[in-house]
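Beneath this line is the structure, given in structure tokens, with notes to follow.
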Amino acid sequence: MTVHLLCGPDEVSREDALRELVAGARLPSDFADVNTSRFDATSYTPEAFRFACEAMPFLAECRVVICRGVAASLGAREARAAARRSTKGTADDEPSSGQVVARPAKGKRGASAPAAPAKTPEQALADYLPEIPGATLVLFVEDEAPASATALGNAFTRPGMVTRNFPIPEGAGLERWLRTRAQEFAGPGAPSSGAITADAARLLASYVGTDMRLASNEIRKLVTYAGPGRAVEARDVELLSPQTTATAKIWELSQAILDGQRSKAATRLAQLLDASDMRPEQVISSLRSAITQHLSVQELEQRGQPDATIARELRMQPFAVKMVRERASRLGERALIYLHRRTL
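For the sequence shown, the residue numbers in the numbering used here are 1 to 344.
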């Protein structure tokens, strides 16, 4: 067995890879739950993780341990601890919460040997990864890969570790992703030429943008509507995805306004009002929500929250958090507050 890191903002492909790896472990269906352990940022402790990894498989060839967001959580904790140390100095630092402390060993005549330096939870996990038993498959699922300069980032490059990155596809890559997804959903009943036409894939790609969960849901709906033996066509997308169209254009409109692209903003606004049922006050309300989102992301970032935490708190896609954070940083708080007031 090996340690896998599945990371990147394309959560749909990431979850597909996770399911394939779990299926490849061939756990008996009757004993799958007892041979599977799951951890997230709140439930992970070094002791519980080690116990799960070293437990013997029960009537199975291996065990599976799945960790979601654990690396990001430990990295953020270490970053906060480092910031505190740089502020207060390290001379009188106490071990941070969750820190693994090496106890002093007894020397001759009961004398205490010097204590080894305390390990942070991140360093403790990084050091333990090579020791994981061969009968355990460990799967880390993260929105972003740990930075290479960190203990975990370095650990995931060692032999026996497998890292797979799932970026958001764009342009022609997104269209290929949609065609592949449609083919998978259609199965044996797909036409020989493909389950979705090139025009339909191009049109749907322009609607869904970079929301891969939405893209997957729309593809499933369209393939179901087309039925066996017929490819999804552009007219199907136009018929069944009106809300997707409005959502995409609202997103494009808000981006254009905040980026100062007046011509593009005017075009998107005209398209929204002419080609959808949205009223002007609904458009303004949507813009206000987009600006509020930028202010919220900026506030959480100023508190030192990592992108993964911001995404969970605001129920946003991780890639969207990064885009919004960068734009909010460019604009500044005063400009965002001014724009927000203009929409009231």
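Ideal placement from N, C-alpha and C gives every residue a C-beta, glycine not left out.
1. At what residues does the beta strand (DSSP E) containing Glu-142 begin and finish?
2. On the three-state DSSP scale, how would you describe Val-324?
3. How about the region 123 to 142 and the region 57 to 69: do they share at least three Cβ pairs that are nearer than 8 angstroms?
4. Which residue from His-294, Thr-210, Asn-154 and Ala-320 puts its Cα closest to that of Gln-123?
5. Consider the C-beta atom of Leu-129 and the heavy atoms of the ligand ADP; say whether any pair is separated by less than 7 angstroms.
6. Evaluate Met-212 with the Cβ neighbour count: other Cβ atoms within 10 Å of its Cβ, from every protein chain shown; 16 or more gives buried, anything less gives exposed.
7. Assess contact between the region 288 to 302 and the region 253 to 265, defined as three or more Cβ pairs (one per stretch) separated by less than 8 angstroms. Is contact present?
8. By the three-class DSSP mapping on this structure, what secondary structure does Arg-38 have?
9. Can you find at least 3 beta carbon pairs, one from the region 302 to 315 and one from the region 257 to 264, that sit closer than 8 angstroms?
10. Pick helix, strand or coil for Met-316, following the three-state DSSP scheme.
11. Helix, strand or coil: how does DSSP classify Leu-129 here?
12. Which partner residues does Arg-164 have in the DSSP bridge list?
13. Pick out whichever of Val-208, Ala-215, Ala-200 and Ala-226 has its Cα sitting closest to the Cα of Ala-234.
14. Less than 8 angstroms between C-beta atoms, sequence neighbours within five positions excluded: which residues of the same chain meet that for Ala-152?
15. Taking DSSP as the reference, what is the three-state secondary structure of Arg-230?
16. Work out the CA separation of Pro-169 and Ser-97 for me, nearest whole Å.
17. Between which two residues does the beta strand (DSSP E) containing Arg-68 stretch?
18. Check whether the region 182 to 192 touches the region 22 to 29, counting contact only when three or more Cβ pairs, one atom from each stretch, lie closer than 8 angstroms.
19. Since Asp-16 and Asp-143 are thought to touch, with beta carbons under 8 angstroms apart, how far apart are those beta carbons, to the nearest angstrom?
20. Any C-beta of chain B sitting closer than 8 angstroms to the C-beta of His-4?
21. Excluding sequence positions up to five away, which residues of its chain have a Cβ less than 8 angstroms from the Cβ of Phe-39?
22. Give me whichever residues DSSP pairs with Ile-196 in a beta bridge.
23. Within 10 Å of its beta-carbon, does Arg-268 have 16 or more other beta-carbons around it, so buried, or fewer, so exposed?
24. Can you list, in chain order, the residues of its chain with a C-beta nearer than 7 angstroms to that of Val-34? Leave out the 5 residues immediately preceding and following it.
25. Would you kindly work out how many angstroms separate the C-alpha atoms of Val-3 and Glu-20, rounded to a whole number?
26. Rounding to the nearest angstrom, what Cα-Cα distance links Met-161 and Cys-62 in this structure?
27. Which ranges does the alpha helix (DSSP H) cover as unbroken runs of at least 4 residues, wholly within the region 240 to 296, from first to last along the chain?
28. Measuring only the C-alpha atoms, how far is Arg-216 from Ile-284?
29. Using only the alpha-carbon positions, how far apart do Gly-332 and Glu-281 sit?
30. Just the Cα atoms here: how many angstroms apart are Leu-5 and Thr-163?
31. Take the Cβ of Ala-83 as the centre, count every other Cβ of all protein chains shown within 10 Å, and call the residue buried at 16 or more, exposed below.
32. Quick one: what's got a C-beta closer than 8 angstroms to Val-324's C-beta in the same chain, skipping five residues either side?
33. Per DSSP, what are the beta-bridge partners of Lys-221 in this structure?
34. Closest to Tyr-207 by C-alpha separation, out of Ile-250, Ala-328 and Tyr-44, would be which residue?
35. On the premise that Thr-197 lies in contact with Val-232, defined as a C-beta separation below 8 angstroms, what is that separation, rounded to the nearest angstrom?
If we stick to the structure as given:
1. Along the sequence shown, one-based indexing puts residue 142 at 142. Its beta strand (DSSP E) spans residues 136 to 142.
2. Within the sequence shown, residue 324 is the residue found at index 324, counting from 1. Three-state result, Val-324: helix.
3. yes
4. Residue mapping note: residue 123 aligns to position 123 of the sequence shown, counting from 1. Of His-294, Thr-210, Asn-154 and Ala-320, the residue nearest in Cα terms is Asn-154.
5. No copy of the ligand ADP occurs in the structure displayed, which carries no ligand at all.
6. Along the sequence shown, read from residue 1 onward, the residue named residue 212 stands at position 212. With 16 or more other Cβ atoms within 10 Å, it is buried.
7. yes
8. Reading the sequence shown from its first residue, position 38 is the one you call residue 38. Three-state DSSP puts Arg-38 in a strand.
9. no
10. Locating residue 316 in the sequence shown gives position 316, where the first residue counts as 1. Reduced to three states, the DSSP call for Met-316 is coil.
11. As a first step, residue 129 is located in the sequence shown; it is residue number 129 there, counting from the start. DSSP places Leu-129 within a helical segment (H, G or I) once states are collapsed to three.
12. By one-based count along the sequence shown, residue 164 stands at place 164. For Arg-164, which the question treats as bridged, DSSP gives the partners Leu-6.
13. Against the sequence shown, residue 234 aligns to sequence position 234. Of the listed residues, the one whose Cα sits closest to Ala-234 is Ala-200.
14. As a first step, residue 152 is located in the sequence shown; it is residue number 152 there, counting from the start. Per the sequence shown, residue 152 should be read as Leu rather than Ala. Excluding sequence neighbours, Leu-152 sits near Ala-71, Leu-74, Gly-75, Glu-122, Leu-125, Ala-126 and Pro-146.
15. Taking the first residue of the sequence shown as position 1, residue 230 is located at position 230. Coil at Arg-230, not helix or strand.
16. Your numbering for residue 97 matches position 97 in the sequence shown. Your numbering for residue 169 matches position 169 in the sequence shown. For Ser-97, the predicted structure reports a pLDDT of 49, less than 50, and the residue's modelled location is therefore unreliable. A value from the coordinates is still provided. Going from the Cα of Ser-97 to the Cα of Pro-169 covers about 39 angstroms.
17. In the sequence shown, the residue the question calls residue 68 occupies position 68. Unbroken beta strand (DSSP E) run through Arg-68: 63 to 68.
18. As far as the Cβ criterion goes, the region 182 to 192 does not touch the region 22 to 29, which means the pair count is below three.
19. As a working mapping, residue 16 is identified with position 16 in the sequence shown. As a working mapping, residue 143 is identified with position 143 in the sequence shown. Not confirmed; about 16 angstroms, so no contact.
20. No chain B is present in this structure, which holds just one protein chain.
21. Along the sequence shown, one-based indexing puts residue 39 at 39. The answer, listed in chain order, is Ala-48, Phe-49, Ala-52, Val-65, Ile-66, Cys-67, Arg-68 and Val-70.
22. Mapped onto the sequence shown, residue 196 falls at position 196. In the DSSP output, where bridge partners are listed per residue, Ile-196 has Val-232.
23. Indexing the sequence shown from 1 puts residue 268 at position 268. Classification of Arg-268: buried, given that the 10 Å Cβ count is 16 or more.
24. By 1-based counting over the sequence shown, the position of residue 34 is 34. Result list for Val-34: Phe-58, in chain order.
25. Taking the sequence shown and counting its residues from 1, the one referred to as residue 3 is at position 3. Taking the sequence shown and counting its residues from 1, the one referred to as residue 20 is at position 20. About 14 angstroms.
26. Within the sequence shown, residue 161 is the residue found at index 161, counting from 1. Within the sequence shown, residue 62 is the residue found at index 62, counting from 1. Between Met-161 and Cys-62, the C-alpha separation is close to 17 angstroms.
27. 242 to 258 and 262 to 275
28. Residue 216 sits at position 216 when you count from the first residue of the sequence shown. Residue 284 sits at position 284 when you count from the first residue of the sequence shown. What sits at residue 216 in the sequence shown is Ser, not Arg. Distance between the alpha carbons of Ser-216 and Ile-284: 29 angstroms.
29. Position 332 of the sequence shown, counted from the start, is the residue given in the question as residue 332. Position 281 of the sequence shown, counted from the start, is the residue given in the question as residue 281. So the two alpha carbons sit approximately 26 angstroms from each other.
30. Taking the first residue of the sequence shown as position 1, residue 5 is located at position 5. Taking the first residue of the sequence shown as position 1, residue 163 is located at position 163. Approximately 5 angstroms, taken between the alpha carbons.
31. Within the sequence shown, residue 83 is the residue found at index 83, counting from 1. Ala-83 is exposed by the Cβ-count criterion.
32. Residue numbering aside, residue 324 sits at position 324 when the sequence shown is read from its first letter. The answer, listed in chain order, is Gln-293, His-294, Val-297 and Met-316.
33. Locating residue 221 in the sequence shown gives position 221, where the first residue counts as 1. Per DSSP, none; premise fails for Lys-221.
34. Numbered from its first residue, the sequence shown carries residue 207 at position 207. Among Ile-250, Ala-328 and Tyr-44, the Cα nearest to that of Tyr-207 is on Ile-250.
35. Residue numbering aside, residue 232 sits at position 232 when the sequence shown is read from its first letter. Residue numbering aside, residue 197 sits at position 197 when the sequence shown is read from its first letter. Correct: roughly 7 angstroms between the Cβ atoms.
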